[in-house]
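Asker: Under mature numbering (1 follows the signal peptide of the UniProt record, and there is no 0), the residues of the sequence shown are numbered -19 to -1, 1 to 320, in order.
One structure, as structure tokens, below. Some questions next.
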Amino acid sequence: MKIQMFLCFLGLSFHGAAAVTHSMKYLFTVPSQVQNLPEFIIVVLVDDVQIIYYDSNNRKMVPRQDWMKENVDEKYWETETEVAQAGQHDIQAYIETGKQLYNQTEGVFVVQLMCGCEWDEETGEVKGYGLVGFDGEDFLSFNPETESWTAANQFAEIMKHYLDDDEVFNAEWKNLLTQDCPEWLKTSVNHGRRFLMRTVLPSVSLLQKSSSSPVSCHATGFYPDRADLFWRRDGEEIHEGVEKGQILPNNDGTFQMSVDLQLPPEAEMQRYECVFQLSGLKEDVITELEKEQIKTNEGLKSLGWKIIIGVAGFLVAVVAVPAAILYYKRNGESYCRFT
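Here it is, written out as structure tokens:
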């Protein structure tokens, strides 16, 4: 199964308290001979909000949120930059070794890496994970409980056996994911709690490309991403004639989503309404289907470009598929590394 990191969202629980499960993800992307992308990218996210960025062009760890700048001193960023640069060097060196091992010294490919953890603030439970991907396909995954690796295919078996034999390494990897990462996550959540735990309502519009096209209920600018959007007829949720889109990121840290409905006869429109629900919000945001409220043509074209630009910008910054990571300590500093 292909890894779909950024299309997988937490379970939705509407009309209740905001979710208390937090996540931290370290995402590494190493394109080989891919035009218009840096040769090495690191993105760090907390609760799917980008907080740190690094690439091989700028060679500097940069905070992406004001609350990170305000709560962390300059020495921290200097240290993190040194660690990132060392990690870039080692990761690229090991990739070169891997290219020789797998006899793939030429051609375009992308190695993608992720390590991370989740923390349930209510129960205190923590979970860590390590994922490995190659050209968008699953390659390896790490189970901290058993301190072992799982190969996603026969191609990965050689690396799996190599890693399983290194008991010391796997114990360190477990410690990184179940001890160090949760501590970093808790600190980051405390720094950004007001921002991360906020609730922002969306702007909801009814859009239509032409008179024969489906009508799209589009909600944008909401936060967090634990949301749902659907159509109701006579007070009941409907699925027939409905096409639901994915939750997509905006470039300001908020989210957007759409759900399309095959337009009913005008005489029946009053039976339909679009419903938006947001985790932590008790009341639904309801938009009744009224012909005079539907925006057409230019409004939809403008929206389309906003969606394309927003998603493209996010994917270039984050590069959304997990992958191969290993861990080690360098001069007392912890970081994930590829071997």
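Ideal placement from N, C-alpha and C gives every residue a C-beta, glycine not left out.
What you are looking at is a predicted structure, and each value in this text was computed from that prediction instead of being measured.
Short of 8 Å in beta carbon distance, which residues of its chain neighbour Glu106, apart from the five on each side in sequence? Order them along the chain.
Answerer: Within the same chain, Cβ atoms closer than 8 Å to the Cβ of Glu106 are found at Trp100, the five residues on either side in sequence being excluded.
Asker: DSSP three-state label for Gln258, please.
Answerer: strand
Asker: For Asn134, does the three-state DSSP call read helix, strand or coil?
Answerer: In this structure, Asn134 counts as coil in the three-state DSSP scheme.
Asker: With a threshold of 16 other CB atoms inside 10 Å of the CB of Thr180, please say whether the residue is buried or exposed.
Answerer: exposed
Asker: Quick check: what's the CA-CA separation for Ile219 versus Thr277?
Answerer: 24 Å
Asker: With DSSP run on the structure shown, which of helix, strand or coil describes Met49?
Answerer: helix
Asker: Would the stretch 1 to 10 count as touching the stretch 122 to 137 if we require 3 or more Cβ pairs under 8 Å?
Answerer: Taking 8 Å as the limit for Cβ pairs, the verdict is that the stretch 122 to 137 does not touch the stretch 1 to 10.
Asker: Taking DSSP as the reference, what is the three-state secondary structure of Phe150?
Answerer: helix
Asker: What does DSSP give as the partner residues of Ser184 in its beta bridges?
Answerer: Thr201
Asker: For Glu254, count neighbouring C-beta atoms within 10 Å of its own C-beta (all shown protein chains included) and say buried if the count is 16 or more, exposed if not.
Answerer: buried
Asker: Out of Met178, Ile267 and Thr127, which has the shortest C-alpha to C-alpha gap to Leu144?
Answerer: Per the Cα distances, Thr127.
Asker: Let's see if you can read the secondary structure: which residues bound the beta strand (DSSP E) around Phe236?
Answerer: Phe236 to Leu242
Asker: Can you give the Cα-Cα distance for Gly109 and His142, rounded to whole angstroms?
Answerer: Each residue's CA atom was taken as its position, placing Gly109 and His142 some 21 Å apart.
Asker: Just tell me which of His172, Thr86 and Met95 has its CA closest to the CA of residue 322.
Answerer: This structure does not reach residue 322, given that the chain is present from -19 up to 320, and the question cannot be answered.
Asker: Among Pro44, Gln243 and Ser191, which one has its Cα closest to the Cα of Val30?
Answerer: Pro44
Asker: Return the CA-CA distance between Thr104 and Thr86, expressed in angstroms with no decimal places.
Answerer: 48 Å
Asker: Measure the alpha-carbon distance for Phe150 versus Asp28 and round it to whole angstroms.
Answerer: Between the alpha carbons of Phe150 and Asp28 lies a distance of about 28 Å.
Asker: Figure out for me which residue from Ala67, Thr131, Gln66 and Val92 has the closest Cα to the Cα of Glu77.
Answerer: Val92
Asker: Quick check: what's the CA-CA separation for Met178 versus Leu157?
Answerer: 26 Å
Asker: Mind checking which residues open and close the alpha helix (DSSP H) that includes Thr168?
Answerer: Cys162 to Leu177
Asker: DSSP three-state label for Thr268, please.
Answerer: strand
Asker: Measure the C-alpha to C-alpha separation of Pro245 and Trp58 and round it to an integer number of angstroms.
Answerer: 56 Å
Asker: Tell me the DSSP bridge mates of Asp101?
Answerer: Beta-bridge pairing by DSSP links Asp101 to Thr2.
Asker: Could you check what DSSP says for Asp28 in three-state terms: helix, strand or coil?
Answerer: coil
Asker: Below 8 Å CB to CB, which residues in the same chain sit around Ser129 once its five sequence neighbours on both sides are set aside?
Answerer: Phe123, Asp145 and Asn151
Asker: Under 8 Å, do Phe176 and Gln66 count as touching if we go by C-beta distance?
Answerer: no
Asker: Going by the beta-carbon positions, is the gap between Val187 and Cys198 smaller than 8 Å?
Answerer: Note on residue identity: the sequence assigns Leu, not Val, to residue 187. Result yes, Cβ atoms of Leu187 and Cys198 sit closer than 8 Å.
Asker: Classify Met140 as helix, strand or coil using the three-state DSSP reduction.
Answerer: Residue state, collapsed to three classes: helix.
Asker: Can the beta-carbon of Leu270 be found closer than 8 Å to that of Val196?
Answerer: The Cβ-Cβ distance between Leu270 and Val196 falls below 8 Å.
Asker: Taking DSSP's pairing of strands, which residues face Gln189 in a bridge?
Answerer: Val196 and Thr277
Asker: Could you tell me which of Gly114, Leu18 and Cys98 sits nearest to Asn39, measuring between CA atoms?
Answerer: It is Leu18.
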